[in-house]
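Engineer: Protein chains in written order, with my numbering: chain A, 1 to 413; chain B, 1001 to 1413. Beta carbons are placed, not taken as given, at the ideal position from N, Cα and C, and that holds for glycine. None of the values given here were measured: they were computed from a predicted structure. Quick one: this structure, given as structure tokens, is what I'll be asking you about.
There are 2 protein chains.
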Amino acid sequence: MIRRDEDVQMLRPVLAGLRVLELGHYVAAPFCARLLADLGAEVFKVEPHGGDPVRDWGAKIDGQSLWWSMHGRNKQSIAIDLKSPRGREILLDLVEHCDALVENFRPGQLDKLGLGIPAMRARRPDLIVAQISGYGQTGPGRDRAAFGVIGEAVGGLRHLTDHPPGTSTLPPVRVGVSIGDSVAGLYAAFGIACALWQRDRGQGDGAGRTVDVALTESVLSLMEGMLPEYGALGKIKEPTGGAIATAAPSNAYPTIDGEWVLIAANSAPLFAKLAELMGRRDLVGAHGYDSNAARVARAGELDDLISQWTRGHDAATLVKLLSTADIPNSKVYTAADCAADSQYRARGMVREVADSAFGTVLQAGVVPHIPEGPGDVRWAGPMVGEHAPEILRALLGMTDADIRELKSEGVIP
Amino acid sequence: MIRRDEDVQMLRPVLAGLRVLELGHYVAAPFCARLLADLGAEVFKVEPHGGDPVRDWGAKIDGQSLWWSMHGRNKQSIAIDLKSPRGREILLDLVEHCDALVENFRPGQLDKLGLGIPAMRARRPDLIVAQISGYGQTGPGRDRAAFGVIGEAVGGLRHLTDHPPGTSTLPPVRVGVSIGDSVAGLYAAFGIACALWQRDRGQGDGAGRTVDVALTESVLSLMEGMLPEYGALGKIKEPTGGAIATAAPSNAYPTIDGEWVLIAANSAPLFAKLAELMGRRDLVGAHGYDSNAARVARAGELDDLISQWTRGHDAATLVKLLSTADIPNSKVYTAADCAADSQYRARGMVREVADSAFGTVLQAGVVPHIPEGPGDVRWAGPMVGEHAPEILRALLGMTDADIRELKSEGVIP
């Protein structure tokens, strides 16, 4: 029975009615706020007059970053000079109207501006505050400088994104995106939603809570058996290249047209199907191939065998052969493959979004999908301060004259 | 001003009062449920009589998986034969007592057992259901076989965990953990918390919602500017090895004692500090080094220069030099480094946990940290069905005689 989205009675987006203030820059806190905005929250992004520096990252057209179109979407931008007393006052006025706030300054920096948690909770006692930092808000290492890549290295991830020891003299690779930042942003969004539930539910406690997320800890939390196995056995988890340490065969295999195809045939029935496809039925049940442990022990040799076979086919043929046999597989997708994928398109996970700077922009859709009241891309990343007048009018009841005065004082641009 | 946890008035853990049913196996759904349990939810894990197959993964002592100690922690286990009518009846009885459910069967599989969403909502209309799958619950590709590695390949991540095109003939590497599964589990936990908030808050709608999470989409959502840049410019995001495509220098550099040290000196002031440390003050402001764009253009050459310098030091000395200069840096941490790190220890992020099978087990702590009411590790991963009697008594009001009968019928082991 296939459930179709059309059959579902429509409800409001799951975060409709939520107001969030973002004091974020670069990746982690802005990503957190995007997740909340995608699901229907009103997000007010407070930026310096020069804008979030991430607006300068990646490829641009006419000075406008394409990434920003997605990273800043669904948010309302207001630029405030937080070094001016009037600017700080406006920020605290805004706090009063918000349920939650997310920031990723270095620990203590907002306190120095007089905008620490005590000052904020004086205005909004039940404010949920998420603070994202490299190493966390407490402890002897909290003041150390950190970027996403540092979080990945200290979390244990960078050591593993490498070929097996002795295979290569090249350095371990980066994941290719700021995964430490994104995962930390996702943890912050999760923490905010949990704190809101406990605050606002029927038997809730009405209390403000703090969500203290460290990049390093967010990465470490994904490391599976690494710590337990080290603690009990002294075993240091080592990189395995394209393979999996505990199951074989699973790797990326080369094709005649220069692509890589991932094949995960790491169970007895899947391996039998693969051996059949390769014309090597003799391997099924043969000594040295007859258990997962045996296959793991000769994973390198097995990968060579499979590679010989895959090199005889182009990627499209290989994918068709493997899929027909119901063996988990996929071409290693590039941007072009993601953009063309029919499943992504069918679910709105790859979509064209209207953008005033570019006409339309190709963006990823909303995760998670909630069929009863899905999130949406309501607008693309705004210009710096684009929504200041409407925010100041709607939340703080300001008049046009008030707003002109703030401009003339240089509090807003 | 350093905020100390002791100053904070203690509240209940943020998910205290929440009841969740887990119908999970392997990584994604069980990871989601662990996150909820870590923050105080009561999680009832329903397993087949043979237990979740992940109990066999990774290193073991006396047949017990060390990873399981962490993966299964804070959960109550009940083993039920869902192929028996009585077993399915008990599952639906349990649903009636739960706020949310998370599962990661292949789409449609629970429907085939008569345990689809309509059957569950008939018993608990406001049930929040998170469904984690490879490609999502709808669309032409929903039935394709998928593992975590497939999600990573289709999400665009595997293409990027590689050296730059032409540098190496080895396949792109795996991240080393099932990152697609974990990120999907995190999205599911986030979606559940959001749905609970909208259901239960004062002006809430009391409605059950479905949280449809695909591994592929969870990964694709982290891909930053990849889709916008491809859509507008036809630019295909390519792997950059240890470096960052848009900022330099940032890489992992070799030391004389065979370690890698990550250095992120990718801003003008940080690069000046690094050049100073290297005794190369002449590079500061020099042509070809005087902007980030210029440094990115010669990133390879710059990395060679820095490597020559780092090869003259051992990792400990290098980290000391760089830290004194406040340049973001870290040794690329192994399991041993994580276990010994004083910041992790100070924050309880690396801790010894009591485990009846092992005495104690080294585990990662709880993310996010919520100082007003922190999560905790209340117990390590239980034996299969360990909590069945207390669950059946407390939730379903069963007597010892009822439970003996279920055993004799083979519904529970």
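By DSSP, does proline 254 of chain A sit in helix, in strand, or in coil?
Structural biologist: As a working mapping, residue 254 of chain A is identified with position 254 in the first sequence. Residue state, collapsed to three classes: strand.
Engineer: Quick check on methionine 1001 of chain B - is its C-beta less than 8 angstroms from some C-beta in chain A?
Structural biologist: In the second sequence, residue 1001 of chain B corresponds to position 1, counting from 1. Because methionine 1001 of chain B sits at a pLDDT of 40, beneath the cut-off of 50, its placement in the model cannot be relied upon, and the following sentence gives the value as read from the coordinates. By this cut-off, methionine 1001 of chain B is an interface position.
Engineer: Is the shortest distance between the beta-carbon of lysine 235 of chain A and the beta-carbons of chain B less than 8 angstroms?
Structural biologist: Mapped onto the first sequence, residue 235 of chain A falls at position 235. Taking Cβ atoms only, chain B reaches closer than 8 angstroms to lysine 235 of chain A, which makes this a yes.
Engineer: So which residues of chain A does asparagine 1251 of chain B contact, with C-beta pairs closer than 7 angstroms?
Structural biologist: For the purposes of this step, residue 1251 of chain B is identified with residue 251 of the second sequence, where counting begins at 1. Neighbours of asparagine 1251 of chain B on chain A, chain order: Pro171.
Engineer: For the beta strand (DSSP E) containing alanine 16 of chain A, name the first residue and the last one.
Structural biologist: Within the first sequence, residue 16 of chain A is the residue found at index 16, counting from 1. Element bounds for alanine 16 of chain A: n/a, residue is neither H nor E.
Engineer: What residue range is occupied by the uninterrupted beta strand (DSSP E) comprising glutamine 131 of chain A?
Structural biologist: Position 131 of the first sequence, counted from the start, is the residue given in the question as residue 131 of chain A. Here the beta strand (DSSP E) through glutamine 131 of chain A covers 128-133.
Engineer: Quick one: list the residues of chain B neighbouring cysteine 194 of chain A, beta-carbon separation under 7 angstroms, in chain order.
Structural biologist: Translated into the one-based positions of the first sequence, residue 194 of chain A becomes position 194. Under the 7 angstroms cutoff, chain B gives Val1014, Leu1015, Leu1039, Ala1193.
Engineer: Thinking threonine 1161 of chain B and valine 1183 of chain B are a contact (beta carbons under 8 angstroms), I'd like their distance in whole angstroms, please.
Structural biologist: Along the second sequence, read from residue 1 onward, the residue named residue 1161 of chain B stands at position 161. Along the second sequence, read from residue 1 onward, the residue named residue 1183 of chain B stands at position 183. About 14 angstroms; that fails the 8 angstroms criterion.
Engineer: Which of helix, strand or coil does DSSP assign to arginine 351 of chain A?
Structural biologist: Position 351 of the first sequence, counted from the start, is the residue given in the question as residue 351 of chain A. Here arginine 351 of chain A sits in strand by DSSP.
Engineer: Are the beta-carbon atoms belonging to glycine 430 of chain A and alanine 16 of chain A less than 8 angstroms from one another?
Structural biologist: There is no way to answer for residue 430 of chain A, as the model of chain A reaches only from 1 to 413.
Engineer: Going straight from the alpha carbon of valine 1014 of chain B to that of proline 1239 of chain B, what length do you get?
Structural biologist: Position 14 of the second sequence holds residue 1014 of chain B. Position 239 of the second sequence holds residue 1239 of chain B. Taking the straight line from one Cα to the other gives about 40 angstroms.
Engineer: Does the segment 1312-1326 of chain B come within contact of the segment 196-212 of chain A, defined as at least 3 CB pairs closer than 8 angstroms?
Structural biologist: The answer is no - the segment 196-212 of chain A does not touch the segment 1312-1326 of chain B, with fewer than three Cβ pairs under 8 angstroms.
Engineer: Which residue wins for smallest C-alpha separation from histidine 1159 of chain B, given the options B/Ile1132, B/Lys1237, B/Thr1138, B/Ala1248?
Structural biologist: Position 159 of the second sequence, counting from 1, holds the residue named residue 1159 of chain B. Checking every option, the nearest Cα to that of histidine 1159 of chain B belongs to B/Lys1237.
Engineer: For the alpha helix (DSSP H) containing leucine 1392 of chain B, name the first residue and the last one.
Structural biologist: Here residue 1392 of chain B refers to the residue found at position 392 of the second sequence. Where leucine 1392 of chain B is concerned, the enclosing alpha helix (DSSP H) stretches over 1388-1396.
Engineer: Would you please state the rounded distance, in angstroms, between the beta carbons of glycine 373 of chain A and leucine 36 of chain A? I believe it to be under 8 angstroms.
Structural biologist: Here residue 373 of chain A corresponds to residue number 373 of the first sequence, with the count starting at 1. Here residue 36 of chain A corresponds to residue number 36 of the first sequence, with the count starting at 1. So it is not a contact: roughly 15 angstroms between Cβ atoms.
Engineer: Could you tell me how far apart the beta carbons of valine 332 of chain A and alanine 1153 of chain B are, in whole angstroms, since I believe they sit closer than 8 angstroms?
Structural biologist: For the purposes of this step, residue 332 of chain A is identified with residue 332 of the first sequence, where counting begins at 1. For the purposes of this step, residue 1153 of chain B is identified with residue 153 of the second sequence, where counting begins at 1. Confirmed, about 5 angstroms.
Engineer: Would you say valine 353 of chain A and valine 377 of chain A are within 8 angstroms of each other, going by their C-beta atoms?
Structural biologist: The sequence position of residue 353 of chain A within the first sequence is 353, counting from 1. The sequence position of residue 377 of chain A within the first sequence is 377, counting from 1. Yes; because the gap between Cβ atoms is below 8 angstroms, this pair is in contact.
Engineer: Could you tell me if leucine 1220 of chain B is buried or exposed, where buried requires 16 or more neighbouring beta carbons within 10 angstroms of its beta carbon?
Structural biologist: Working through the second sequence from its first residue, we reach residue 1220 of chain B at position 220. So leucine 1220 of chain B counts as buried.
Engineer: In whole angstroms, what is the alpha-carbon distance linking serine 408 of chain A and histidine 1369 of chain B?
Structural biologist: Along the first sequence, read from residue 1 onward, the residue named residue 408 of chain A stands at position 408. Along the second sequence, read from residue 1 onward, the residue named residue 1369 of chain B stands at position 369. Rounded to the nearest angstrom, the two C-alpha atoms are 42 angstroms apart.
Engineer: At a CB distance below 8 angstroms, what residues from the segment 306-323 of chain A approach chain B? Give them in sequence order.
Structural biologist: Those would be Ser323, in chain order.
Engineer: Could you pull out every residue in the same chain whose Cβ sits closer than 8 angstroms to the Cβ of lysine 1060 of chain B, ignoring the five residues on either side in sequence?
Structural biologist: For this step, residue 1060 of chain B is matched to residue 60 along the second sequence. Closer than 8 angstroms at the Cβ level, and outside the excluded window around lysine 1060 of chain B, lie Leu1066.
Engineer: Which of the three DSSP states, helix, strand or coil, is assigned to lysine 60 of chain A?
Structural biologist: Taking the first sequence and counting its residues from 1, the one referred to as residue 60 of chain A is at position 60. The answer is strand: DSSP assigns lysine 60 of chain A an E or B state.
Engineer: At a cut of 8 angstroms, does the segment 258-273 of chain A reach the segment 1080-1100 of chain B through at least three beta carbon pairs?
Structural biologist: They do not touch, by the three-pair rule.
Engineer: Can you check which of these residues, B/Ala1252, B/Phe1105, B/Met1120, B/Gly1058, is closest to glycine 1300 of chain B by C-alpha distance?
Structural biologist: Counting from one through the second sequence, the residue named residue 1300 of chain B turns up at place 300. The residue with the shortest Cα to Cα distance from glycine 1300 of chain B is B/Ala1252.
Engineer: For glutamine 1109 of chain B, go through chain A and note every residue whose CB falls closer than 7 angstroms to its CB, in chain order.
Structural biologist: As a working note, residue 1109 of chain B is residue 109 in the second sequence. What glutamine 1109 of chain B touches in chain A: nothing, since even the nearest Cβ is about 11 angstroms away.
Engineer: Between tryptophan 1379 of chain B and chain A, is any beta-carbon pair separated by less than 8 angstroms?
Structural biologist: Counting from one through the second sequence, the residue named residue 1379 of chain B turns up at place 379. Tryptophan 1379 of chain B does not count as touching chain A.
Engineer: Check whether the Cβ of valine 20 of chain A lies closer than 8 angstroms to any Cβ atom in chain B.
Structural biologist: As a working note, residue 20 of chain A is residue 20 in the first sequence. Not closer than 8 angstroms to any Cβ of chain B, the Cβ of valine 20 of chain A fails to qualify, so no.
Engineer: On a Cα-Cα basis, can you pick out the residue from A/Ala189, A/Val367, A/Lys273, A/Asp81 that is closest to valine 20 of chain A?
Structural biologist: As a working mapping, residue 20 of chain A is identified with position 20 in the first sequence. Ranking the options by Cα distance to valine 20 of chain A, first place goes to A/Ala189.
Engineer: In terms of residues, what are the limits of the beta strand (DSSP E) holding threonine 1360 of chain B?
Structural biologist: For this step, residue 1360 of chain B is matched to residue 360 along the second sequence. 1359-1364 is the span of the beta strand (DSSP E), which, as asked, contains threonine 1360 of chain B.
Engineer: Just to confirm, is the Cβ distance from arginine 1073 of chain B to glycine 1375 of chain B under 8 angstroms?
Structural biologist: Counting from one through the second sequence, the residue named residue 1073 of chain B turns up at place 73. Counting from one through the second sequence, the residue named residue 1375 of chain B turns up at place 375. No, these two residues do not count as a Cβ contact at 8 angstroms.
Engineer: My output table needs one value for serine 1267 of chain B: the three-state DSSP class, helix, strand or coil.
Structural biologist: The residue labelled residue 1267 of chain B in the question sits at position 267 within the second sequence. It is coil, neither helix nor strand.
Engineer: How far does the beta strand (DSSP E) with aspartate 1212 of chain B in it reach, from first residue to last?
Structural biologist: For this step, residue 1212 of chain B is matched to residue 212 along the second sequence. From DSSP, the beta strand (DSSP E) with aspartate 1212 of chain B extends over 1210-1214.
Engineer: Any Cβ of chain B within less than 8 angstroms of the Cβ of threonine 255 of chain A?
Structural biologist: As a first step, residue 255 of chain A must be located in the first sequence, where it is residue number 255. Not one chain B Cβ lies under 8 angstroms of threonine 255 of chain A.
Engineer: Between the segment 134-146 of chain A and chain B, which residues of the former have a C-beta closer than 9 angstroms to a C-beta of the latter?
Structural biologist: From the segment 134-146 of chain A, only Gly134, Tyr135, Gly136, Gln137, Thr138, Gly139, Pro140, Gly141, Arg142, Arg144, Ala145, Ala146 have a Cβ closer than 9 angstroms to chain B.
Engineer: Excluding the five sequence neighbours on either side, which residues of its own chain have a C-beta within less than 7 angstroms of the C-beta of glycine 242 of chain A, listed in chain order?
Structural biologist: On the first sequence, position 242 is the one that residue 242 of chain A refers to. Excluding residues within five positions, the ones whose Cβ falls inside 7 angstroms are Asn251, Ala252.
Engineer: Can you list the beta strand (DSSP E) stretches of 3 or more residues lying completely in the segment 1045-1096 of chain B, in chain order?
Structural biologist: Runs found: 1075-1079.
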